[in-house]
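Report on the following structure.
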Amino acid sequence: MQKWPGRPYPLGATFDGTGTNFAIFSAVAERVELCLFDEDMVEERVNLTEVDAHVWHAHLPGVQPRQRYGYRVHGPFEPHHGHRCDPSKLLLDPYAKAIEGQVTSDPSLYSYEIGNPEARNTADNVDATMLSVVVNPYFDWGHDHPPRHEYHDSIIYETHVKGMTMLHPEVPEESRGTYAGMAHPAVIQHLTDLGVTAVELMPVHQFVNDTHLQDKGLSNYWGYNTIGFFAPHNAYSGTGERGEQVQEFKAMVKALHAANIEVILDVVYNHTAEGNHMGPTLSFRGLDNASYYRLVDEDKRHYFDTTGTGNSLLMRSPAVLQLIMDSLRYWVTEMHVDGFRFDLASTLARQFHEVDRLSAFFDIVHQDPVISQVKLIAEPWDLGDGGYQVGGFPPLWTEWNGKYRDTVRDFWRGEPGTLDQFASRFSGSSDLYEHSGRRPVASINFVTAHDGFTLRDLVSYNEKHNEANGEGNQDGESHNRSWNCGTEGETTDKAINALRARQQRNFLTTLVLSQGVPMISHGDEMGRTQGGNNNGYCQDNEITWIDWDLDDRQQALLEFSRRLIQLHRDHPIFHRRRFFAGAPEHGGESEIGEIEWFTPSGEHMAETDWNTWYARSVMIFLNGKAIPEPDERGREIVDDSMLIIFNGDADPIDYTLPDATYAEAWKPVLDTAAPRMRVRPRPASSTLTVEARSIQLLKAIESEG
410 MQKWPGRPYP LGATFDGTGT NFAIFSAVAE RVELCLFDED MVEERVNLTE VDAHVWHAHL
470 PGVQPRQRYG YRVHGPFEPH HGHRCDPSKL LLDPYAKAIE GQVTSDPSLY SYEIGNPEAR
530 NTADNVDATM LSVVVNPYFD WGHDHPPRHE YHDSIIYETH VKGMTMLHPE VPEESRGTYA
590 GMAHPAVIQH LTDLGVTAVE LMPVHQFVND THLQDKGLSN YWGYNTIGFF APHNAYSGTG
650 ERGEQVQEFK AMVKALHAAN IEVILDVVYN HTAEGNHMGP TLSFRGLDNA SYYRLVDEDK
710 RHYFDTTGTG NSLLMRSPAV LQLIMDSLRY WVTEMHVDGF RFDLASTLAR QFHEVDRLSA
770 FFDIVHQDPV ISQVKLIAEP WDLGDGGYQV GGFPPLWTEW NGKYRDTVRD FWRGEPGTLD
830 QFASRFSGSS DLYEHSGRRP VASINFVTAH DGFTLRDLVS YNEKHNEANG EGNQDGESHN
890 RSWNCGTEGE TTDKAINALR ARQQRNFLTT LVLSQGVPMI SHGDEMGRTQ GGNNNGYCQD
950 NEITWIDWDL DDRQQALLEF SRRLIQLHRD HPIFHRRRFF AGAPEHGGES EIGEIEWFTP
1010 SGEHMAETDW NTWYARSVMI FLNGKAIPEP DERGREIVDD SMLIIFNGDA DPIDYTLPDA
1070 TYAEAWKPVL DTAAPRMRVR PRPASSTLTV EARSIQLLKA IESEG
């Protein structure tokens, strides 16, 4: 085969129209072989003899898209020194743009003998592993452009490519569970009717289906087990695995953008699928183990793990930092995505041991002209010491606000002494974010996510029910802050079902009307259940897929959700760009009068009211004439003033509405206890009965004089 020297950059396999440049990093390799595979899996090996700054490279003029390839790296196999090169293992290109196949449960994947870890295993893994694929980078994007919704106008919808589409009756069977299914007009219509501005896709980087799950008849459904940081997961492709998945993914993004919906990717740069020292050799481990992974200083056979998966990437390694940044830029510039949610993001801040907000990773993200301009969302914790960092990330970053989730759950299940915390979370969590110069949009508010109960299960189960996972119900979170409303699981009791429906409306209303950016977990808008399973990571089946066959109660919840999100979008008072001026523990109330908090009797909240352990009811005035910032065009923002009444008590409560200095009268807009409520105006200072465990929203009616 003809071979030219090629170039050391860009890394990966780059097709230029006539041939392909191959470039791969290894600082420890002594020899690198590029392995090409024909249709019959006959392997041809090409020695890479050009090396620049530890990058091995060559240009092969005849190699076209769809070519399958891998690498064999010759070098030290010295686990005590952190080196695990093994030429008997075909390795994936870390920069592969597409990957074919999936690993199987086979001993050849491991560099040691099963049952005897000290003995070398030199069996060839070629029939048990995955293959990298050369892709055609050309795609007709047409007039595609990112929607670029401002954070304060955003409604994020966390979803799963397969779970969203697998049971959708209008999606053709061959497209279900795929990127094409996600782009189907019926799915996009659901999203636009709901009013969301962005989908946050659970992992779509190529991930490994864990062999221990395969052995149990299960599979990795969530996808937090990445092996290819540039490749769309091939199992979500309905058209093929030889690069077709790249084209299909791009077509999905283009379709969502045409509907004015952004695409945010849930990305897992904190670890890889190779696991701990007993894991398989698939890519990074065999290329340059010590450059890619954080090893234990005292014994470099072992991996320093803050992710709970067996390994952590070495965040002070130039090779790792380049990999992550090249990957992020690729997904923005070539795949046109609009942002990222970083799984276990505290690990990315561990340049050495501690979580450091000034780490090299943050520095290069902030300085990058591409990545600094897209949405950056942190899951602000990991499993290591000091890993819980809610509120601890620097400017540019937003965060999943775990404290919001916990507080709102506690409030609606009747936990005492939560009112002051509830006020802070509802008003934007300035206590967490203002000190770093950030604004309310730094808080990604959520009540449920993929990890844990669905919203319906949150109000239907006190305990997790994960028996189907095959781990004796020992997996998953045990402290869910849930309440089953009187009985565990499904019931025919009409009163309990009515209360559960109301509680779901309460959670959604609280979420959507709070300051910050609301995130809804897919299916919660229409009562999706997992039967009490709060850890569906291995359930690629009807347990986790959305069931689109809705009963009357589910259809009513969907209609309520659509109306609620429209309220949010129509009224900037619910998504301000700046914090309220007052103290967070008093809900931002100050003499400016942007927001005021009242007791049910109509009196301003006093210090004793905030600290009363049994207080579960409050009335909030939002002043539509006191929004402190102009809009994007410099125009003054004026909105209707609103009154939000929260009754978290088990009994109905009479509320005295504010006097005429706030409004002449109040028009009911929403009532979680009566979705088909009457809209007769209520005069100032009148008494309004609010049902137990419910919310009412009223709009000020101004005097014509």
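Heads up: the sequence shown begins at 410 in the working numbering, then just goes up one per residue. Idealized CB from N, CA, C, for every residue including glycine.
Cβ-heavy atom distance, residue i to the ligand PLP, below 8 Å
i, result
"P1061", "No copy of the ligand PLP occurs in the structure displayed, which carries no ligand at all."
Three-way DSSP call (helix, strand, coil) for residue i in this model
i, result
"A422", "strand"
"F639", "strand"
"K709", "coil"
"C444", "strand"
"A877", "helix"
"V451", "coil"
"Q615", "strand"
"P1092", "strand"
"E582", "helix"
"F802", "coil"
"Y480", "strand"
"G1114", "Residue confidence is low: G1114 scores 44 on pLDDT, short of 50, so the model does not pin down where it sits. No coordinate-derived value is stated."
"F431", "strand"
"G991", "coil"
"P503", "coil"
"V746", "coil"
"E899", "coil"
"A595", "helix"
"A728", "helix"
"S541", "strand"
"V741", "helix"
"Y630", "coil"
"F548", "coil"
"A682", "coil"
"E843", "helix"
"R493", "strand"
"V783", "coil"
"Y813", "helix"
"T857", "coil"
"N456", "strand"
The beta strand (DSSP E) enclosing residue i, as first and last residue numbers
i, result
"S1026", "1026-1031"
"W465", "464-469"
"I673", "671-676"
"A528", "525-529"
"T807", "807-809"
"D777", "No beta strand (DSSP E) holds D777; DSSP gives it neither H nor E."
"D461", "459-461"
Element boundaries [alpha helix (DSSP H), containing residue i]
i, result
"D853", "Checking the displayed sequence, the identity of residue 853 turns out to be Ile instead of Asp. No alpha helix (DSSP H) contains I853, which is instead part of the beta strand (DSSP E) from 852-854."
"A660", "653-667"
"A699", "693-701"
"D562", "Per DSSP, D562 belongs to no alpha helix (DSSP H) and is neither H nor E."
"F862", "Careful: F862 lies outside any alpha helix (DSSP H) and carries neither H nor E."
"T620", "620-624"
"L828", "828-835"
Beta-ladder partner(s) of residue i, from DSSP
i, result
"W821", "Partner(s): none; W821 has no beta bridge."
"P1084", "None; P1084 has no bridge partner."
"E1005", "F1030"
"T568", "L610"
"S1103", "N1056"
"W380", "Examination of residue 380 is not possible in this model, given that the chain is present from 410 through 1114 alone."
"I508", "S541"
"A1109", "W1075"
"Y521", "R529"
*Would you mind listing the beta strand (DSSP E) stretches within the stretch 1012-1076 that are 3+ residues and don't spill past its ends, in chain order?*
1026-1031, 1051-1056, 1062-1065
*If you scan the stretch 915-988 from start to end, which runs of the beta strand (DSSP E) of 3 or more residues do you find wholly inside it?*
926-930
_Sufficient close CB pairs (3 or more, under 8 Å) joining the stretch 661-675 to the stretch 542-559_ = yes
*Flag this pair as touching only if the stretch 635-654 and the stretch 485-493 have three or more C-beta atom pairs under 8 Å; answer yes or no.*
no
*Does the stretch 601-609 come close enough to the stretch 668-680 to have 3 or more Cβ pairs within less than 8 Å?*
yes
*Decide if the stretch 467-484 is in contact with the stretch 515-526; the criterion is three or more beta carbon pairs, one per stretch, under 8 Å apart.*
Flag = no, the stretch 467-484 and the stretch 515-526 do not touch.
*Would you call the stretch 705-717 and the stretch 732-740 touching, i.e. three or more CB-CB distances under 8 Å?*
no
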